[in-house]
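As structure tokens, the structure follows; a few thoughts come after it.
There are 2 protein chains.
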Amino acid sequence: MVRCIHCGEVHAITRSGIVRGKQRYYCKDCKLYFILKEEATVTPARPHMTTIVDIAKALCISKSTVSRALHEHSDINEQTRNDVLDMARKLDYQPNLLAQSLVKSKSNNIGIIVPEFLTYFFPTIIMAAQEVATKAGYNVIICQSQESYKIEKANAHVLLSNRVDGVLISMSCQTKNFEHFRTFEKHGIPVVFFNRVCEEIDSSKVYVDDYKGSFLAVEHLIKSGYKNIAHIGGPLSLQLTYNRLNGYRAALKKYGLPSGKDQVIHCDLSKKGAINAAETLLSKRRNRPDAVFCVNDPVAIQLIMVARQKKIPVPRELGVVGFSDDPMAEIIDPGLTTIQQPVSVIGREAMELLLRSIQTEGKAQPIVKSLKPKLVIRGSSVR
Amino acid sequence: MVRCIHCGEVHAITRSGIVRGKQRYYCKDCKLYFILKEEATVTPARPHMTTIVDIAKALCISKSTVSRALHEHSDINEQTRNDVLDMARKLDYQPNLLAQSLVKSKSNNIGIIVPEFLTYFFPTIIMAAQEVATKAGYNVIICQSQESYKIEKANAHVLLSNRVDGVLISMSCQTKNFEHFRTFEKHGIPVVFFNRVCEEIDSSKVYVDDYKGSFLAVEHLIKSGYKNIAHIGGPLSLQLTYNRLNGYRAALKKYGLPSGKDQVIHCDLSKKGAINAAETLLSKRRNRPDAVFCVNDPVAIQLIMVARQKKIPVPRELGVVGFSDDPMAEIIDPGLTTIQQPVSVIGREAMELLLRSIQTEGKAQPIVKSLKPKLVIRGSSVR
DNA sequence: GTGAAAGCGCTAACAT
DNA sequence: ATGTTAGCGCTTTCAC
Numbered sequence: 334m335v336r337c338i339h340c341g342e343v344h345a346i347t348r349s350g351i352v353r354g355k356q357r358y359y360c361k362d363c364k365l366y367f368i369l370k371e372e373a374t375v376t377p378a379r380p381h382m383t384t385i386v387d388i389a390k391a392l393c394i395s396k397s398t399v400s401r402a403l404h405e406h407s408d409i410n411e412q413t414r415n416d417v418l419d420m421a422r423k424l425d426y427q428p429n430l431l432a433q434s435l436v437k438s439k440s441n442n443i444g445i446i447v448p449e450f451l452t453y454f455f456p457t458i459i460m461a462a463q464e465v466a467t468k469a470g471y472n473v474i475i476c477q478s479q480e481s482y483k484i485e486k487a488n489a490h491v492l493l494s495n496r497v498d499g500v501l502i503s504m505s506c507q508t509k510n511f512e513h514f515r516t517f518e519k520h521g522i523p524v525v526f527f528n529r530v531c532e533e534i535d536s537s538k539v540y541v542d543d544y545k546g547s548f549l550a551v552e553h554l555i556k557s558g559y560k561n562i563a564h565i566g567g568p569l570s571l572q573l574t575y576n577r578l579n580g581y582r583a584a585l586k587k588y589g590l591p592s593g594k595d596q597v598i599h600c601d602l603s604k605k606g607a608i609n610a611a612e613t614l615l616s617k618r619r620n621r622p623d624a625v626f627c628v629n630d631p632v633a634i635q636l637i638m639v640a641r642q643k644k645i646p647v648p649r650e651l652g653v654v655g656f657s658d659d660p661m662a663e664i665i666d667p668g669l670t671t672i673q674q675p676v677s678v679i680g681r682e683a684m685e686l687l688l689r690s691i692q693t694e695g696k697a698q699p700i701v702k703s704l705k706p707k708l709v710i711r712g713s714s715v716r
Numbered sequence: 334m335v336r337c338i339h340c341g342e343v344h345a346i347t348r349s350g351i352v353r354g355k356q357r358y359y360c361k362d363c364k365l366y367f368i369l370k371e372e373a374t375v376t377p378a379r380p381h382m383t384t385i386v387d388i389a390k391a392l393c394i395s396k397s398t399v400s401r402a403l404h405e406h407s408d409i410n411e412q413t414r415n416d417v418l419d420m421a422r423k424l425d426y427q428p429n430l431l432a433q434s435l436v437k438s439k440s441n442n443i444g445i446i447v448p449e450f451l452t453y454f455f456p457t458i459i460m461a462a463q464e465v466a467t468k469a470g471y472n473v474i475i476c477q478s479q480e481s482y483k484i485e486k487a488n489a490h491v492l493l494s495n496r497v498d499g500v501l502i503s504m505s506c507q508t509k510n511f512e513h514f515r516t517f518e519k520h521g522i523p524v525v526f527f528n529r530v531c532e533e534i535d536s537s538k539v540y541v542d543d544y545k546g547s548f549l550a551v552e553h554l555i556k557s558g559y560k561n562i563a564h565i566g567g568p569l570s571l572q573l574t575y576n577r578l579n580g581y582r583a584a585l586k587k588y589g590l591p592s593g594k595d596q597v598i599h600c601d602l603s604k605k606g607a608i609n610a611a612e613t614l615l616s617k618r619r620n621r622p623d624a625v626f627c628v629n630d631p632v633a634i635q636l637i638m639v640a641r642q643k644k645i646p647v648p649r650e651l652g653v654v655g656f657s658d659d660p661m662a663e664i665i666d667p668g669l670t671t672i673q674q675p676v677s678v679i680g681r682e683a684m685e686l687l688l689r690s691i692q693t694e695g696k697a698q699p700i701v702k703s704l705k706p707k708l709v710i711r712g713s714s715v716r
């Protein structure tokens, strides 16, 4: 009883001549000629994926030859190669990347750790990064830390166990200990930080010049005639919080405006946190700000929503500027003035730096890229 | 010259007694006792990740014992197990999932194919699905088809080569050929469709009752007094397009309103497509609709933007209802009335069905879940 | 130009 | 309770 090496069926098999002294068979169903090896342990159950051994058996050659043919290895007979390629197609061969990774100690997987991917910013970066990775033959494993140090650590382990070749990271805002990042480097796995970078680790980084961006934003508010400008900042664990805060302060200083300490509120970046901060700022009886520069667009949008609810007209009594140029900024009325970040560029450049590190023998010289922000003026800040 | 089996260094090594007749060493740096095997091929370069063999050597036991200890296998000496666990921690052991997957023919990876993940809808589903997967010990590989059949097919190959244990799919709107989906089933890899399901494939599916949702939406418009209700529908390749269209028609019919054929426009779901459709509808000289039911929220929002530009007041002269309850619906002014889908539930249920299929021997009985939509009334449809 | 054999890190019979 | 062996699918010397 001879089974087809492809479909495993027995009913459609006929003999079809002798090749190299061996009986050749033909499966009518699969339209496939094949030869069984001497002790041919015949094919297993259905859901077996074709391997190079299947191809080798079908062609009565060795699996090394098949492997070589599949990879355009120099020394290979043209005819043999074509045979192998044909058979591979016929048997619907898909290389087992797991096996390949194991023997090459290279998974062709790249990990990305982000705090979340709900708010346009990270998805856009991921898309851009993934595009670059895919082109270079890499796969991407996306992990969300959900702004939690614990989850971020767990993510790092998952990526390590999956033997990723490199990692892109934007830190959670809870992270204060960086051992899990060092573990990567300890094992020679390059890491590139983006946006929420880690000062303490000497690796490549890509981010936007937050200081400059904030400065532009606040300067614009001042030039629009606002005098009492507040700031809703991000969590104090994030470097960008300080950079944006400093830009805000520098602009106030340059134009001789006071920056009373109470005009700065920090919030975690959740919706609730943003609403709380906005409420606090807009409920003030004395010294209510006439403008607010917000650490990012989602926060700015919540601020506008709160103002709307309190019947405080934007921009007449309240100027607002955000950061990032979220698509929402165009939708909301009035349009939200904001600092545009080259979001896709961040993702692309970060991935390119990472790929370069991966391809470099030994530790590559870290490269730090600071991208230029741009002021986009809409209705929320011009009266 | 003896090297530490952990750090590979030689300078911090001292002898430390004889154990089971063998010389024991101690590394001051790593605070680690260890014994070398007879022919001890000493440790390789730095970026070598610890394997069970390293642990076995360090403890002078066999790697099977290590494997067993690591997996709480029944028959294992308590003491041995603790030793192994300690050593694993000491050597910072991370199991190689690739090797594990290879031998078990089970990758613990699950693929997700979505058209995109920029617009809240898919990211939310992915998050929910990922959460369920992670809890069950599965990893998730996310692929975007970018609404392209070709890319979707490529995605399928990538997932196949990565030997995923199952796949969650929401089809691209270009997809008319389904062989790449069948390939999964042919290899015993279960598939669950969600949201954009494939009629032709007999597998589990999760979606929202689109017909019912549209019916609710249009009924609401009618009850609000709108008489000439148009519809911007989705691409004709998607089943949900027909379902939503039919719901729209059924509501018109039930309330005795005419549904002139020209009051239905289909668009791909891109921003540009939406704007074009909106322009067409709102530029009509005769018979301009007084309300529009849109296939989803992003389209509805573009419609409102166009109306804003044309100074057509919403909701007074134009009622608008969307579908999905995108966060933007709350932000835009007036608020967008919409049909809420239980987005997270879709992701969760789809993943649960998939995990069940994976754990079932043989092909599981397909389960189809239709979830209930809900009307959320905001300002855009009430005058 | 091709085959045989070793080995990537791990699990799972099969011995003992 | 532990060691020995084979093998997952693949690449890569090393022979011939």
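Here the protein sequences come in this chain order: X and C. Just so you know, we're using the numbering used here here: the first sequence kicks off at 334 and counts up by one. Just so you know, we're using the numbering used here here: the second sequence kicks off at 334 and counts up by one. Here a beta-carbon is modelled for each residue, glycine too, at the ideal position from N, C-alpha and C.
Pair within 8 angstroms by beta-carbon distance, residue i and residue j
i	j	result
Glu480 of chain C	Ser505 of chain C	yes
Gly580 of chain X	Asp623 of chain X	no
Val628 of chain X	Thr574 of chain X	yes
Ile445 of chain X	Ile484 of chain X	no
Leu578 of chain C	Val551 of chain C	no
Ile394 of chain C	Leu424 of chain C	no
His520 of chain X	Met382 of chain C	yes
Ile598 of chain C	Gly567 of chain C	no
Asn429 of chain X	Thr398 of chain X	no
Beta carbon proximity, residue i to chain C, threshold 8 angstroms
i	result
Ala432 of chain X	yes
Arg496 of chain X	yes
Leu435 of chain X	yes
Leu688 of chain X	no
Pro377 of chain X	At Pro377 of chain X the pLDDT is 37, less than 50, meaning the model places this residue with poor confidence and gives no usable figure here.
Ser677 of chain X	no
Thr457 of chain X	yes
Ser440 of chain X	yes
Leu602 of chain X	no
Proximity test, Cβ basis, 8 angstroms: residue i and chain X
i	result
Tyr795 of chain C	In this structure chain C extends from 334 to 716, so residue 795 of chain C is not present and cannot be described.
Ser505 of chain C	no
Ser714 of chain C	no
Ile634 of chain C	yes
Met382 of chain C	yes
Met460 of chain C	yes
Rounded distance between the beta-carbons of residue j and residue i, thought under 8 angstroms
i	j	result
Leu554 of chain X	Val654 of chain X	6 angstroms
Leu435 of chain X	Ala432 of chain C	6 angstroms
Tyr507 of chain X	Ser570 of chain X	The question names Tyr, yet the displayed sequence has Gln at residue 507 of chain X. About 7 angstroms; that satisfies the 8 angstroms criterion.
Lys545 of chain C	Val701 of chain C	With 8 angstroms as the limit, Lys545 of chain C and Val701 of chain C do not qualify as a contact, their Cβ atoms being about 15 angstroms apart.
CA-to-CA distance, residue j to residue i, given in whole angstroms
i	j	result
Gln674 of chain X	Ala640 of chain X	26 angstroms
Gln427 of chain C	Asn495 of chain X	9 angstroms
Lys486 of chain X	Ile672 of chain X	32 angstroms
Lys509 of chain X	Cys531 of chain X	9 angstroms
Glu650 of chain X	Ile443 of chain C	52 angstroms
Gln698 of chain C	Thr457 of chain X	38 angstroms
Ser713 of chain X	Pro648 of chain X	5 angstroms
Asn415 of chain X	Ile409 of chain X	10 angstroms
Ala610 of chain C	Val625 of chain C	11 angstroms
Leu501 of chain X	Ala462 of chain C	22 angstroms
Lys468 of chain X	Arg681 of chain X	12 angstroms
Gly606 of chain X	Cys600 of chain X	5 angstroms
Phe450 of chain X	Ser677 of chain X	14 angstroms
Glu405 of chain X	Val417 of chain X	11 angstroms
Thr413 of chain X	Asp659 of chain C	56 angstroms
Any non-hydrogen atom of the ligand NAP closer than 7 angstroms to residue i Cβ
i	result
Pro428 of chain X	Judged by which ligands are present, the structure shown has none, so any question about the ligand NAP falls away.
Contact residues within the region 413-432 of chain X, judged by C-beta distance below 7 angstroms to chain C: Gln427, Pro428, Asn429, Leu430, Leu431 and Ala432
Proximal residues, the region 468-491 of chain X versus chain C, C-beta separation under 8 angstroms: Asn472, Val473, Ile474, Ile475, Gln477, His490 and Val491
Against chain C: residues of the region 511-523 of chain X by CB proximity under 7 angstroms: His520 and Gly521
Cβ-based contacts, 9 angstroms cut-off: residues of the region 637-671 of chain X near chain C: Ile637, Met638, Arg641, Pro660, Met661, Glu663, Ile664, Ile665 and Asp666
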